[in-house]
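As structure tokens, the structure follows; a few thoughts come after it.
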Amino acid sequence: MNNEAPLLSVVIPVYFEEQVIDEFYLRLKAVLVGLKPRYRHELIFVNDGSGDGSLEILRGLSKKDPCLRVVSLSRNFGHQIAITAGINHASGDAVVVIDGDLQDPPEVIASMVDLWENGYSVVYGVREEREGENLFKRFTAKAFYRLINLLSSHYLPPDSGDFRLMDGAVVDVLKEMTEESRYLRGMISWVGFSQIGLGYKRDARYAGNTKYTLRKMIKFALDGLVSFSDKPLRLSSHFGLLMTLTSFIAIIALVVIKIINPEATMVGWTSLLVIILFLGGIQLISIGVLGEYIARIFHETKQRPLYVIAEKYGFGDKGAEAQLEETPKVADLTE
Ligand code: UDP
Ligand code: MG
Numbered sequence: 010m011n012n013e014a015p016l017l018s019v020v021i022p023v024y025f026e027e028q029v030i031d032e033f034y035l036r037l038k039a040v041l042v043g044l045k046p047r048y049r050h051e052l053i054f055v056n057d058g059s060g061d062g063s064l065e066i067l068r069g070l071s072k073k074d075p076c077l078r079v080v081s082l083s084r085n086f087g088h089q090i091a092i093t094a095g096i097n098h099a100s101g102d103a104v105v106v107i108d109g110d111l112q113d114p115p116e117v118i119a120s121m122v123d124l125w126e127n128g129y130s131v132v133y134g135v136r137e138e139r140e141g142e143n144l145f146k147r148f149t150a151k152a153f154y155r156l157i158n159l160l161s162s163h164y165l166p167p168d169s170g171d172f173r174l175m176d177g178a179v180v181d182v183l184k185e186m187t188e189e190s191r192y193l194r195g196m197i198s199w200v201g202f203s204q205i206g207l208g209y210k211r212d213a214r215y216a217g218n219t220k221y222t223l224r225k226m227i228k229f230a231l232d233g234l235v236s237f238s239d240k241p242l243r244l245s246s247h248f249g250l251l252m253t254l255t256s257f258i259a260i261i262a263l264v265v266i267k268i269i270n271p272e273a274t275m276v277g278w279t280s281l282l283v284i285i286l287f288l289g290g291i292q293l294i295s296i297g298v299l300g301e302y303i304a305r306i307f308h309e310t311k312q313r314p315l316y317v318i319a320e321k322y323g324f325g326d327k328g329a330e331a332q333l334e335e336t337p338k339v340a341d342l343t344e
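Printed below as a string of structure tokens:
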């Protein structure tokens, strides 16, 4: 095999996916074997603290397939951090990030590679259809992309997830971006170079349930908004200015009314209460917005490592080159 062929690294975050890994591995491997001898490949699975048999299965696969490496984190650090850990261990000329639940069809990788060959530095998957996702998820996703593009000074392509191919140059920049609030798709878009979307149909999960709880989704959305826009911070000063102006006009109007008609009685207990509650609400929300930013500053200043690695497999001392020489066929792995 040609040792000079470019290396493709594929990064896969895994969290409680024991029912999917085997099927995923076979489908991905078929695609990568199809790209030989033009490309060599390595698979980097990141076990994000799964409490099921995922790690055991991955360890088994790494014994059979010398292209397969496993990075096992000490606990659940979340999807974005797991991807980061994988990317940091990748040594490919290009790195592909793909979910391990077969929602992103591995077959699309071949088309991504074609676009990369045509000179694009980032090829991001754009979900044209979503199967097996409920109305709530579709609606919130759509609303979120609208909002983030309204607020962010930097364009973030709607409906693109983390499924993408990145050139090594982009990966090098990404490795230097060590912030803790990670909204990877935005960070990659920020890096620049030539980027292109590639439409694909997002399938339903092969097995199991989504690991993105509502809480994780909200945190993720806030990470995106807060790291890519400072407009929410400014919003309260704009609103404050507006309220000050309004009250100023109201004061003048009330004085004028009293001058014209000294007998006028100003009743309005209800409207007063409504205004007080409204302003109280606005003030609390503004403090909350401030809090979101300050909390992130607080976490950033600690400068902790982004993740802790418990175990690694498949990064043998033979070195990547030697291992890749021995790439077996899919048939060998499915006895
Ligand atoms: N995942 C992870 N850590 C987490 C949550 C998810 O590594 O804390 C992995 C998961 O195993 C899957 C991918 O990230 O491979 C996407 O997660 P999921 O399918 O649950 O999210 P959804 O596709 O529903 O947004
Ligand atoms: Mg999924």
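So the sequence shown is residues 10 to 344, counted in our numbering. We put the CB at the ideal spot given by N, CA and C, even for glycine.
| query | result |
| --- | --- |
| Are the CB atoms of residue 23 and residue 59 within a distance shorter than 8 angstroms? | yes |
| Of the residues 273, 261, 213, 300, which one's Cα is nearest the Cα of residue 245? | 300 |
| When the Cα of residue 153 is compared with those of 20, 115, 226, which residue comes out closest? | 226 |
| Around the C-beta of residue 118, are 16 or more other C-beta atoms found within 10 angstroms, so that it is buried, or is it exposed? | buried |
| Considering just the uninterrupted stretch of the beta strand (DSSP E) at residue 205, what are its terminal residues? | 204-211 |
| Do you know how far the Cα of residue 255 is from the Cα of residue 291? | 15 angstroms |
| Following the continuous beta strand (DSSP E) through residue 87, name the residue where it begins and the one where it ends. | From DSSP, residue 87 is part of no beta strand (DSSP E); its letter is neither H nor E. |
| So the candidates are 163, 189, 194, 248; which of them puts its Cα closest to the Cα of residue 179? | 194 |
| Taking the alpha carbon of residue 149 as the point to measure from, which residue in 15, 161, 167 has its own alpha carbon closest? | 167 |
| Would you tell me roughly how many angstroms separate the C-alpha atoms of residue 31 and residue 65, rounded to the nearest one? | 12 angstroms |
| Closer than 7 angstroms to a non-hydrogen atom of the ligand MG - does that hold for the CB of residue 149? | no |
| When you get a sec, list the residues whose CB is within less than 6 angstroms of any heavy atom of the ligand UDP, chain order please. | 22, 23, 24, 26, 57, 85, 87, 88, 91, 108, 109, 110, 112, 219, 220, 221 |
| According to DSSP, what are the bridge partners of residue 50? | 17 |
| Look at the alpha carbon of residue 266 and the alpha carbon of residue 284, and state the distance between them as a whole number of angstroms. | 20 angstroms |
| Alpha carbon to alpha carbon, what distance is there between residue 79 and residue 332? | Only weak support exists for where residue 332 lies, its pLDDT of 48 falling under 50; the coordinates are left without a value. |
| Taking the DSSP output, what are the residues bridged to residue 318? | 82 |
| Evaluate residue 201 with the Cβ neighbour count: other Cβ atoms within 10 Å of its Cβ, from every protein chain shown; 16 or more gives buried, anything less gives exposed. | exposed |
| Determine the burial state of residue 239: buried for a count of at least 16 other Cβ atoms within 10 Å of its Cβ, exposed for fewer. | exposed |
| Suppose the cutoff is 6 angstroms on Cβ atoms and the five residues either side in sequence are ignored; what does the same chain contact list for residue 133 look like? | 169, 173, 206 |
| As a quick exercise: from 212, 318, 53, pick the residue whose alpha carbon is nearest that of residue 138. | 212 |
| Within a Cβ cutoff of 6 angstroms, which residues of the same chain sit near residue 62, ignoring the five residues on either side of it in sequence? | 27 |
| Closest by CA to residue 108, which one among 89, 123, 318? | 89 |
| Is residue 78 a contact residue of the ligand MG, with contact defined as CB to any heavy atom under 7 angstroms? | no |
| Please give me, in chain order, every unbroken run of the alpha helix (DSSP H) with length at least 4 that falls completely inside the region 205-273. | 223-237, 240-269 |
| Where do the ends of the beta strand (DSSP E) carrying residue 175 lie? | 169-176 |
| So, for residue 209: in the same chain, excluding its five sequence neighbours on each side, which residues have a beta-carbon less than 6 angstroms away from its beta-carbon? | 117, 134 |
| Give the range of the beta strand (DSSP E) segment to which residue 103 is assigned. | 103-106 |
| Skipping 5 residues on each side, what residues in its chain have a beta carbon closer than 6 angstroms to that of residue 324? | 78 |
| Secondary structure at residue 134, three-state DSSP: helix, strand or coil? | strand |
| Please indicate yes or no: does the CB of residue 214 lie closer than 7 angstroms to some heavy atom of the ligand MG? | yes |
| Terminal residues of the continuous alpha helix (DSSP H) containing residue 5? | Lying before the first or after the last residue shown, residue 5 is absent from the chain, which here runs from 10 to 344. |
| Taking the alpha-carbon positions, what's the residue 96 to residue 259 distance? | 58 angstroms |
| Which residues share a DSSP beta bridge with residue 139? | 211 |
| Taking only the alpha-carbon atoms, compute the straight-line gap between residue 191 and residue 232 and give it to the nearest angstrom. | 7 angstroms |
| Enumerate in chain order the residues of its own chain whose CB-to-CB distance from residue 235 is below 7 angstroms, with the five nearest sequence positions on each side excluded. | 190, 301, 302, 305 |
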